[in-house]
Amino acid sequence: ILQALHKIKNEDVAVKVIHYGVGHISDTDVIMASASQALLAGFHVSANAHVKKLAEKEHVDIKDYTIIYKLIEDVKALLSGMLEPEINVIELGKFEVKQVFLDKKKWAIVGGKVKDGKIEKGSMVRLIRDGETLFETEVESLKQGPEDTDMVEKGSECGIQIKTPKPVQEKDVLEIFKVEKKERSL
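Using the working numbering, read the sequence shown as starting at 10 and increasing by one per residue.
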């Protein structure tokens with residue numbers, strides 16, 4: 010079991026066995042697991058009612074196993090959950106603001122032209138002014154003419170509604186992108 014557990018690792022997470030032994034799970038095992046904020050795993054052993062009650066009080070999770078690969082699968086799943094997701098930023102296009110139709114304190118509706126790529130509803134917007142990024146927000150709605158749409162491509166004019174922590178001005182450039190999070194696993 011120890012050899013199999015030590016093989017589970019990558020550059021960000023690994024298994025650290027704090028203590029192991031033979032026999033039933035004891036009060037001492039629970040106290041050690043509590044102090045280390047560790048998972049307590051038993052293989053073909055159990056904990057009596059007193060030990061289970063102590064574990065509940067100390068917020069220690071006790072797992073009982075009879076099959077090695079189930080133990081390994083659970084440990085891999087636990088470690089995979091600790092990995093930060095892989096974040097990919099995909100640049101979609103650029104939008105030039107030609108007119109500000111409505112500029113409230115927290116949101117604005119602007120019209121303009123897609124200069125490059127495309128805009129998708131729900132994609133993210135990065136406001137660039139004089140080469141400086143002022144804020145990033147989400148495209149809340151997208152209209153082409155009077156109709157709602159999900160996507161507008163290069164060369165087309167459209168209106169977009171975005172949340173605005175700072176005012177939007179004519180000739181501002183909005184960079185359109187989306188962020189994809191991919192869960193990592195071992």
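Every residue, glycine too, gets a C-beta built ideally from N, C-alpha and C.
Check, Outcome
"What separation, rounded to the nearest whole angstrom, lies between the Cα atoms of SER43 and GLY32?", "19 Å"
"Kindly confirm or deny that the stretch 48-61 and the stretch 147-158 touch, where touching means at least three C-beta pairs closer than 8 Å.", "no"
"Give me the Cβ distance between GLY120 and GLY168, rounded to the nearest whole Å; I'm assuming they're in contact under 8 Å.", "5 Å"
"If you run the structure through DSSP and keep just helix, strand and coil, what is LEU92?", "coil"
"Report the option in GLU156, VAL134 and LEU49 whose CA atom is closest to the CA atom of ASP181.", "VAL134"
"My guess is that ILE171 and GLY126 are in contact by the Cβ rule of under 8 Å, so how many angstroms apart are they, rounded?", "That belief does not hold up - the Cβ atoms of ILE171 and GLY126 are roughly 17 Å apart, past 8 Å."
"Taking the alpha carbon of GLY30 as the point to measure from, which residue in VAL22, THR75, ALA50 and ALA23 has its own alpha carbon closest?", "ALA50"
"With DSSP as the reference, please indicate the residues paired to ILE128 in a beta bridge.", "VAL161"
"Going by DSSP, name the residue or residues bridged to SER150.", "GLN170"
"Jot down the residue ranges of each uninterrupted beta strand (DSSP E) in the stretch 58-110, minimum 3 residues, whole runs only, in chain order.", "71-74"
"Are ILE81 and ALA13 close, meaning C-beta to C-beta below 7 Å?", "yes"
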